[in-house]
Amino acid sequence: MSIRLADNAAIEEAGQLIRAGALVAFPTETVYGLGADATNGRAVAAIFEAKGRPRFNPLIVHVPNLAGAESIAVLSKAARQLADAFWPGPLTLVLERRADAGISDLVSAGLDTLAVRVPAHPVAQALLAAADRPLAAPSANRSGRVSPTRAAHVADDLTDRVAMILDGGATAHGLESTVLDASDADAVILLRPGAVPREAIEAVLGQPLADGPSSDDAHPTSPGQLASHYAPNAALRLNVREVRPGEALLAFGDDAPPTTGPSVNLSASGDLVEAAAGLFAALRDLDRTGAATIAVMPIPEHGLGEAINDRLRRAAAPRESLSPPSRGEG
Ligand code: TXA
Ligand code: MG
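Start counting the sequence shown at 25; every next residue gets the next number (our numbering).
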């Protein structure tokens, strides 16, 4: 494994590695992805292997543009509206798979749908061009762990499991893409809150989003719905106003309680965009202090707060509910 500054030479090499069936970690505007040629079943299998991910978890296919999406999936009218509004960008659409898509069946884990996204990050776009293949890419973390927002996070989790890590710096959004099921012409369903807030999507659709299955659903249609997920080693205590001895503090806003222990403020000014961008790095940093528990201040539920609270609830969920090593999705 080598971390390489994502310059043209490194991206060209990374493209060759992808075409040869290897795994390359790369930055997107949301989190780092663990990429493989989506048309190569062996390469896709290697993603599951590297992540230690349960086989039933389908992957997102990254394509350079709308035409790339149309060559593998069928876009409903609503899907096209959403693509026009948010692509390239942090929105994933679950769509009906085209029969001639040429995408490995492993990517969608046997479903007849495909999750498709057009990333905006210039390094992701350059890698798609260099590889000249659709890229299957989950977040580049071991399954059930916090998603990586820096190249060093990828190295922490996947050293020796990936051929190259393209370093494009810290990711802008810091949260995964919003996943919508747009495969049904009648209703668009929110499967995973993410970097595009619900309000922005509903404004484009002109109607409220339907909610996906609840997180305790025994058969989640989007395994990002599994209860325990995005988990640091430390336990999380949510909605706290005071810190107990021995706890680390994850603060938000200008009224953080006093503490002598480790603490990170996601945004002293109460900015949800800033908070989202720093969330996963903060969880990793506080985890590294060895604190048994991370106490988390309340985060408002509007805008990006919905996705932030979703990740925090999953990180706080009891871990026993899923047996290791295949706890949760990644
Ligand atoms: O921001 C992101 O989306 C990042 C970057 C790398 O693009 N990727 C990411 O991938 O978060 P992953 O694999 O960690 O999460 C993919 C989510 C999971 O919740 C998965 O269950 C859902 O998308 N998904 C994928 N294909 C699906 C399908 N056909 N039907 C329903 N859900 C699907
Ligand atoms: Mg993930």
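Cβ coordinates follow ideal geometry from the N, Cα and C atoms, glycine included.
Asked	Found
Inspect the beta-carbon positions of V118 and L99 and report whether they are closer than 9 Å.	no
Under the rule that 16 or more other beta-carbon atoms within 10 Å means buried, what is A242, buried or exposed?	With a pLDDT of only 42 at A242, under the threshold of 50, the placement of this residue in the model should not be trusted; the figure read from the coordinates follows. With fewer than 16 Cβ atoms within 10 Å of its Cβ, A242 is classed as exposed.
Compute the distance between the beta-carbons of G270 and A315, then report whether it is under 9 Å.	yes
Pull the bridge partners of E120 from the DSSP assignment, please.	V98 and T137
Report buried or exposed for D136, applying the criterion of at least 16 other Cβ atoms within 10 angstroms of its Cβ.	exposed
Please confirm whether any heavy atom of ligand 1 lies closer than 8 Å to the CB of G218.	yes
Could you have a look at S26 and say whether DSSP puts it in helix, strand or coil?	coil
Any chance the segment 189-200 sits against the segment 48-61, with 3 or more Cβ pairs inside 8 Å?	yes
With DSSP collapsed to three states, give me the class of D156.	coil
Considering Cα atoms alone, identify which of A103, I189, R308 and L310 is closest to A148.	I189
Under the criterion of a Cβ to heavy atom distance below 8 Å, does P146 qualify as lining ligand 1?	no
Is N333 helix, strand or coil when you go by DSSP?	helix
Among D334, V228 and A258, which one has its Cα closest to the Cα of W111?	V228
Taking 9 Å as the CB-CB limit, is L99 close to chain B?	Note that chain B does not occur in the displayed structure, where there is just one protein chain.
Return yes when the C-beta of R141 is under 8 Å from any heavy atom of ligand 1, and no when it is not.	yes
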